[in-house]
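Participant:
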Amino acid sequence: MGATQAGTLYVVATPIGNLGDLSARAREVLASVDAICAEDTRHTRQLLGLLGVDRPLLALHEHNEAAMAARLVARLQAGEALALVSDAGTPLVSDPGYRLVREVRAAGLKVSPVPGACAAVAALSVAGLPSDRFCFEGFLPAKAGARRERLQALAGEMRTLVFYESAHRIVECLEDLVVLFGPDREAVLARELTKLFETVLGDTLGDIAERVRDDEDQRRGEFVLIVRGAADDTEARLREGQRLYAKLAEYLKPSQAAKLAAEITGAPRKALYGGEME
């Protein structure tokens, strides 16, 4: 059997930095398919150039994926083999592609993974935090209010949390985490993984936030933030109670909101309503 089969969509992971992380199978598949669907064709063309591969490229991103899916399914039905790549790492992990994969599967066609690098898993593997259960959250909302609301909802999550973040929001993100999760929550910040200036900072959210604020170099590149989950059921109930209280207090008297939030979550009422929430 050759590198590819007719009528198959190959979901191909590409390096997140170090070109040597591309598997031999991935290289062979990319060189053998009829066309490659790429999030950014310019970026992928550069990668293919480094690999010595020359294949037709098709732009597939969040703005055209729905429209492109039917056309790509038709090409697969006609017997072509296609590959799907993102700018870096494993496609569909905080990247476009799931609509295409869903349509291909719905048409009864084969979707085959070609595994490889994934920034979230790479960071988790070196974090030294519990990894038996984790929750991938991708990028947090860009606007401050929405970001804080999302983090407040996650403050009581007991699984290890995995976030992606950009250079121009990393300071604000860490500051919000310190406020909402507390400065002593264990965390690891992985920056520029597999690249020349790779760093992995670990300790607590408070320490990491201070280091990033004080060192301009630590505010450059691409980031994966790993945060330990809430310590126990008591903390989880308290955080969920605080989140629910804040919502209910928009419509009810504070005392009523605290009573209802405490009944629903099991959090201590006094911890929710004492004039000001923690």
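Last residue of the sequence shown? That's 278 in UniProt numbering, and every number before it is there in order. Built from N, CA and C at the ideal position, the CB exists for glycine as well.
(1) Here's the rule: buried if 16 or more other CB atoms are within 10 angstroms of the residue's CB, otherwise exposed. What is G49?
(2) Under the assumption that L201 contacts R211 (Cβ atoms under 8 Å), give the Cβ distance between them as a whole number of angstroms.
(3) Beta-carbon within less than 6 Å of Q5's beta-carbon, same chain only, minus the 5 sequence neighbours each way: which residues are those?
(4) Looking at the secondary structure, which residues open and close the beta strand (DSSP E) in which T265 lies?
(5) Can you give the Cα-Cα distance for A88 and G17, rounded to whole angstroms?
(6) Helix, strand or coil for T41, going by three-state DSSP, please let me know.
(7) Between the alpha carbons of L58 and R99, how many angstroms are there, rounded?
(8) Going by beta-carbon coordinates alone, are L161 and R150 separated by less than 8 Å?
(9) Output the distance between the C-alpha atoms of M277 and R243, rounded to the nearest integer angstrom.
(10) Check for me: the beta strand (DSSP E) holding T194 runs from which residue to which?
(11) Assuming L84 contacts P91 (C-beta within less than 8 Å), just tell me the rounded distance between them.
(12) With a 10 Å radius around its C-beta and 16 neighbouring C-beta atoms as the bar for buried, classify L124 as buried or exposed.
(13) Quick check: the Cα distance between V104 and A69, rounded to an integer number of angstroms?
(14) First and last residue of the beta strand (DSSP E) that includes I16?
(15) With DSSP as the reference, identify every bridge partner of L57, one or two as the case may be.
(16) Return the CA-CA distance between A35 and P56, expressed in angstroms with no decimal places.
(17) Tell me, to the nearest whole angstrom, how far the beta carbon of L177 is from that of L205; I am working on the premise that it is less than 8 Å.
(18) Is the distance from the Cβ of E62 to the Cβ of G156 below 8 Å?
(19) If you follow the alpha helix (DSSP H) that K270 is in, where does it begin and where does it stop?
(20) Return the CA-CA distance between residue 301 and F181, expressed in angstroms with no decimal places.
(21) From R102 to A117, what does the alpha carbon distance come to, in whole angstroms?
(22) If you scan the segment 56-129 from start to end, which runs of the beta strand (DSSP E) of 3 or more residues do you find wholly inside it?
(23) Per DSSP, what are the beta-bridge partners of residue 279 in this structure?
Facilitator: Here's the rundown:
(1) Residue mapping note: residue 49 aligns to position 49 of the sequence shown, counting from 1. It counts as exposed.
(2) Along the sequence shown, read from residue 1 onward, the residue named residue 201 stands at position 201. Along the sequence shown, read from residue 1 onward, the residue named residue 211 stands at position 211. With a Cβ gap of about 6 Å, L201 and R211 count as contacting.
(3) As a working mapping, residue 5 is identified with position 5 in the sequence shown. No residues qualify anywhere along the chain.
(4) For the purposes of this step, residue 265 is taken as residue 265 along the sequence shown, with counting starting at 1. Here T265 belongs to no beta strand (DSSP E); instead the alpha helix (DSSP H) covers P254 to T265.
(5) Locating residue 88 in the sequence shown gives position 88, where the first residue counts as 1. Locating residue 17 in the sequence shown gives position 17, where the first residue counts as 1. When rounded, the distance between both Cα atoms is 8 Å.
(6) Counting from one through the sequence shown, the residue named residue 41 turns up at place 41. When DSSP states are grouped into helix, strand and coil, T41 belongs to the helix group.
(7) Start at 1 with the first residue of the sequence shown, and residue 58 comes out as number 58. Start at 1 with the first residue of the sequence shown, and residue 99 comes out as number 99. One C-alpha to the other measures close to 16 Å.
(8) Numbered from its first residue, the sequence shown carries residue 161 at position 161. Numbered from its first residue, the sequence shown carries residue 150 at position 150. Annotated as distal: L161 and R150, with beta-carbon spacing of 8 Å or more.
(9) Start at 1 with the first residue of the sequence shown, and residue 277 comes out as number 277. Start at 1 with the first residue of the sequence shown, and residue 243 comes out as number 243. Reliability of the predicted coordinates at M277 is poor, the pLDDT of 39 falling under 50, and the value obtained from them is presented with this limitation in mind. In a straight line, the C-alpha of M277 is about 10 Å away from that of R243.
(10) The count along the sequence shown starts at 1 and reaches residue 194 at position 194. Per DSSP, T194 belongs to no beta strand (DSSP E) and is neither H nor E.
(11) Position 84 of the sequence shown, counting from 1, holds the residue named residue 84. Position 91 of the sequence shown, counting from 1, holds the residue named residue 91. Confirmed, Cβ separation roughly 5 Å.
(12) Walking along the sequence shown from the start, residue 124 turns up at place 124. L124 should be labelled buried.
(13) Here residue 104 is taken as the residue at index 104 of the sequence shown, counted from 1. Here residue 69 is taken as the residue at index 69 of the sequence shown, counted from 1. About 8 Å.
(14) Translated into the one-based positions of the sequence shown, residue 16 becomes position 16. Per DSSP, I16 lies in no beta strand (DSSP E) and is assigned neither H nor E.
(15) Walking along the sequence shown from the start, residue 57 turns up at place 57. Answer is I36.
(16) By 1-based counting over the sequence shown, the position of residue 35 is 35. By 1-based counting over the sequence shown, the position of residue 56 is 56. Distance between the alpha carbons of A35 and P56 is about 5 Å.
(17) Here residue 177 corresponds to residue number 177 of the sequence shown, with the count starting at 1. Here residue 205 corresponds to residue number 205 of the sequence shown, with the count starting at 1. Going by Cβ atoms, the distance from L177 to L205 rounds to 5 Å, so yes, they are a contact pair.
(18) Residue mapping note: residue 62 aligns to position 62 of the sequence shown, counting from 1. Residue mapping note: residue 156 aligns to position 156 of the sequence shown, counting from 1. Not in contact: E62 and G156 (Cβ atoms no closer than 8 Å).
(19) Here the question's residue 270 lines up with position 270 in the sequence shown. Element bounds for K270: R269 to L272.
(20) Outside the displayed range of the chain (1 to 278) lies residue 301, so it cannot be described from this structure.
(21) Locating residue 102 in the sequence shown gives position 102, where the first residue counts as 1. Locating residue 117 in the sequence shown gives position 117, where the first residue counts as 1. In a straight line, the C-alpha of R102 is about 22 Å away from that of A117.
(22) Listed in chain order, the complete beta strand (DSSP E) runs (minimum 3 residues) inside the segment 56-129 are 57-59, 82-85 and 110-114.
(23) The question about residue 279 has no answer here: the residues shown for the chain are numbered 1 through 278.
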